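Sequential numbering from 878 applies to the sequence shown in this note's numbering.
To start, the structure under review is shown below, and the notes come after it.
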Amino acid sequence: MSGDLVRRGRLSAARPELVTEYLSSMDTDRWIAMADIRVDIAHLLMLDRQGIVSRDTSSAVMKQLIGMYENGIPESAFDEQYEDIHAGIEAHIIAEAGMQHGGRLHMGRSRNDEVATCIRIRLREDILGQLEALLKLRRTLLEIAGANSGTIMPGFTHLQHAQPTTLAHYMLSYEHAFGRDFERLVDAYVRVNRCPLGSAAFASTGYPIDRAYTAGLLGFPDLSLNTMDAVSARDFALETAAACTILMSTMSRLCEELILWSSAFVEFVTLDDAYCSTSSIMPQKKNPDTAEIMRGKTGAVAGAFVAALTTVKGLPMSYNRDLQDLTPSLRTAIMEAGRAVEIAAGMLATATFHPDRMRAEAGRGFSTATDLADLLVRSYGLAFRESHNIVGRAVKKGSVDLASLDEAAVEITGTTLSARGLTQEAIEEALDPGYSVSVRRAAGGPAPEAVAAQLEVRREAMGEDEAWVLDERLRLAEAETAMLEKGRELIAYHI
Ligand code: ARG
């Protein structure tokens, strides 16, 4: 038996190789091949339980399936003479178990519900992997934050020195952002985790199948109920790719900072050699290539999302072959985002920060001018806009001391500030970056107490997120073990 077993009934065999390749999904199917074996096992257990196939058949076919589960899928199943891996695996089973057994596996289903189920199974795993990597990254950020609540550094707006903050506050800001990326992926996961199997082409089947049973075997808590929707829906994939894209936009910002911070004129951080490259001509160079590649990959992930979205836009119900073309985009999005998170965690964990350089920059550019303006309001009875203008005017004159402030105050209010009791000592205290940070105790702010409170909240959130991922992993592993046990029992029946 040669050629595609699906085609040979209805269609003539000959076609240009270019067309065969054009239609094939084999490359991407490697991503979902093992999921297909699990889907086959669940489907066959159901066919057996419902009496749709004989025990002889189910046990002979199960032997092939468990064999592939344990030893891998033979390379011959990936031959492009088969349109896709579903046909390749079915052909292998028929070749091994005979047509009278193997030829019955595809009863009551279609490749449409089969592939949708495979994608959801694989995506579920990849999302969990990505969540685990995100936990690692978030933990690293929290560790750096925990050790640096006294590390004063400049904060920027418009990339200009703005106000002093701490490295802890900075790292916590990224942890919050990645925490939301985590939430978005969990949210997508909930809708990925529904089972389309049994929808067949789109109208289900006349065989007395049990969809809830197969869903349970595969660890799905719910069905993707309407069978027409179930085979054509890919919004779960769009959502995941969108979450990956947003995550990468966070990631590329972090990379941008690391690139900037590691340059000689900033020198806030030294990245470990493992994450850097050198130049083929300039022997002195150490370049932050990993962060640059990662910032660049944001384009690939965003592009994959747009490609996926554009593929499904305007498709009528139900299955259309266009859908096949969405799978590689989804794979790119989840794979690239996953790799980035994993690598970023290592890049941060091995980075060396330079508190002296940060401290030296913290007070530059009149970064504590706001504190001085606040002092004038609090202690000398000025309106904030008045004090803002006075300090601004002094900055414009190029120095912020008692003389320049008095001069500015006369210009703006008609009287000096020394007349109101302002001293050079009070000015200097207000301009100290350490003081500036210490008074910013509002919830979420950079003062050490506020940072300690944030750390506590975020560590607790991390703990809950860790428990969620662990539970989900456990739930899936238990379902899989139970399913395999049933499969092995079927084989044992035959012996
Ligand atoms: N390889 C196909 C895909 O990825 C499987 C479904 C094929 N269905 C069909 N009606 N040709 O979408």
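Ideal Cβ placement from N, Cα and C applies to all residues, glycine included.
All of these numbers come straight from a predicted model, not from anything done at the bench.
Subject >> Whole-number beta carbon distance between aspartate 1087 and methionine 939, since they are thought to touch under 8 Å >> reply: Counting from one through the sequence shown, the residue named residue 939 turns up at place 62. Counting from one through the sequence shown, the residue named residue 1087 turns up at place 210. Their Cβ separation, rounded to whole angstroms, is 17 Å, which puts methionine 939 and aspartate 1087 out of contact at 8 Å.
**OP:** Determine the direct distance from the alpha carbon of aspartate 990 to that of tyrosine 1090, and round the result to whole angstroms.
**Re:** The residue you call residue 1090 lines up with position 213 of the sequence shown. The residue you call residue 990 lines up with position 113 of the sequence shown. Taking the straight line from one Cα to the other gives about 15 Å.
Original post:
Count the other CB atoms within 10 Å of the CB of cysteine 1072; is the residue buried (16 or more) or exposed (fewer)?
Top reply: For this step, residue 1072 is matched to residue 195 along the sequence shown. Buried: at least 16 other Cβ atoms inside 10 Å.
**OP:** Note down, in chain order, each residue of its chain lying with its Cβ closer than 7 Å to the Cβ of threonine 1127, except the 5 sequence neighbours on either side.
**Re:** Within the sequence shown, residue 1127 is the residue found at index 250, counting from 1. The answer, listed in chain order, is Ala1054, Phe1055 and Asp1058.
Original post:
Which residues in the same chain have their Cβ closer than 6 Å to the Cβ of methionine 1125, if we skip the five residues on either side of it in sequence?
Top reply: Position 248 of the sequence shown, counting from 1, holds the residue named residue 1125. So the qualifying residues of the chain are Thr1175, Val1178 and Ala1214.
Subject >> Local Cβ density within 10 Å of proline 1323, reported as buried at 16 or more and exposed below that >> reply: As a first step, residue 1323 must be located in the sequence shown, where it is residue number 446. It counts as buried.
Original post:
So does serine 902 have its beta carbon nearer than 7 Å to some heavy atom of the ligand ARG?
Top reply: Translated into positions along the sequence shown, residue 902 becomes position 25. Result yes, Cβ under 7 Å from the ligand ARG.
**OP:** Pick helix, strand or coil for proline 893, following the three-state DSSP scheme.
**Re:** Numbered from 1 along the sequence shown, position 16 holds the residue referred to as residue 893. Of the three classes helix, strand and coil, the one that applies to proline 893 here is coil, per DSSP.
Original post:
beta strand (DSSP E) containing histidine 1038: first to last residue?
Top reply: Translated into the one-based positions of the sequence shown, residue 1038 becomes position 161. First-last of the beta strand (DSSP E) with histidine 1038: 1037-1043.
Original post:
CB leucine 1019 to CB arginine 1234, shorter than 8 Å?
Top reply: On the sequence shown, position 142 is the one that residue 1019 refers to. On the sequence shown, position 357 is the one that residue 1234 refers to. In this structure, arginine 1234 does not lie closer than 8 Å to leucine 1019 by Cβ.
**OP:** Please go through the region 1225-1263 and give each complete alpha helix (DSSP H) segment of 4 or more residues, from N-terminal end onward.
**Re:** 1232-1239 and 1246-1257
Original post:
Using the beta-carbon count (16 or more within 10 Å), is phenylalanine 1261 buried or exposed?
Top reply: For the purposes of this step, residue 1261 is taken as the residue at position 384 of the sequence shown. When all chains shown are included, phenylalanine 1261 counts as exposed.
**OP:** Flag this pair as touching only if the region 928-947 and the region 911-918 have three or more C-beta atom pairs under 8 Å; answer yes or no.
**Re:** yes
Original post:
Are there three or more Cβ pairs, one per stretch, closer than 8 Å when the region 901-908 is compared with the region 948-961?
Top reply: yes
Subject >> Contacts around serine 1195, its chain only, beta-carbon distance under 7 Å, and the 5 residues preceding and following it disregarded >> reply: Position 318 of the sequence shown, counted from the first residue, corresponds to residue 1195. Answer for serine 1195: Phe1079, Met1105, Val1108 and Ser1109, listed in chain order.
Subject >> Beta-carbon separation (whole angstroms), alanine 910 vs isoleucine 950, contact threshold 8 Å >> reply: Sequence index remark: in the sequence shown, residue 910 carries index 33 (1-based). Sequence index remark: in the sequence shown, residue 950 carries index 73 (1-based). Rounded, the Cβ-Cβ distance is 5 Å, consistent with contact.
**OP:** Report buried or exposed for aspartate 933, applying the criterion of at least 16 other Cβ atoms within 10 angstroms of its Cβ.
**Re:** The residue you call residue 933 lines up with position 56 of the sequence shown. Label assigned to aspartate 933: exposed.
Original post:
Among Leu1200, Glu1169 and Arg986, which residue has its Cα nearest to the Cα of threonine 1082?
Top reply: Looking up residue 1082 in the sequence shown gives position 205. Minimum Cα distance to threonine 1082 is reached at Arg986.
Subject >> Beta-carbon proximity list for tyrosine 1066, same chain, < 6 Å, skipping 5 on both sides >> reply: As a working mapping, residue 1066 is identified with position 189 in the sequence shown. Around tyrosine 1066: Ile1004.
**OP:** Consider the Cβ of leucine 900: report whether some Cβ of chain C lies at a distance smaller than 8 Å.
**Re:** No chain C is part of this structure, which consists of one protein chain only.
Subject >> Bounding residues of the beta strand (DSSP E) (the contiguous stretch that carries methionine 984) >> reply: Here residue 984 refers to the residue found at position 107 when the sequence shown is read from its first residue. It is not in any beta strand (DSSP E) - methionine 984 carries neither H nor E in the DSSP assignment.
Original post:
Can the beta-carbon of leucine 1249 be found less than 8 Å from the beta-carbon of alanine 1307?
Top reply: Sequence index remark: in the sequence shown, residue 1249 carries index 372 (1-based). Sequence index remark: in the sequence shown, residue 1307 carries index 430 (1-based). Taking 8 Å as the Cβ cut-off, leucine 1249 and alanine 1307 qualify as a contacting pair.
Original post:
Any contact of the region 1009-1016 with the region 1214-1230, i.e. 3+ C-beta pairs under 8 Å?
Top reply: yes
Original post:
Closest to alanine 1168 by CA distance: which of Thr1293, Val1183, Leu1148 and Arg1198 is it?
Top reply: Within the sequence shown, the letter at position 291 stands for residue 1168. The candidate whose alpha carbon is nearest that of alanine 1168 is Leu1148.
**OP:** Put proline 1205 into one of helix, strand or coil per three-state DSSP.
**Re:** Here residue 1205 corresponds to residue number 328 of the sequence shown, with the count starting at 1. Correct three-state label for proline 1205: helix.
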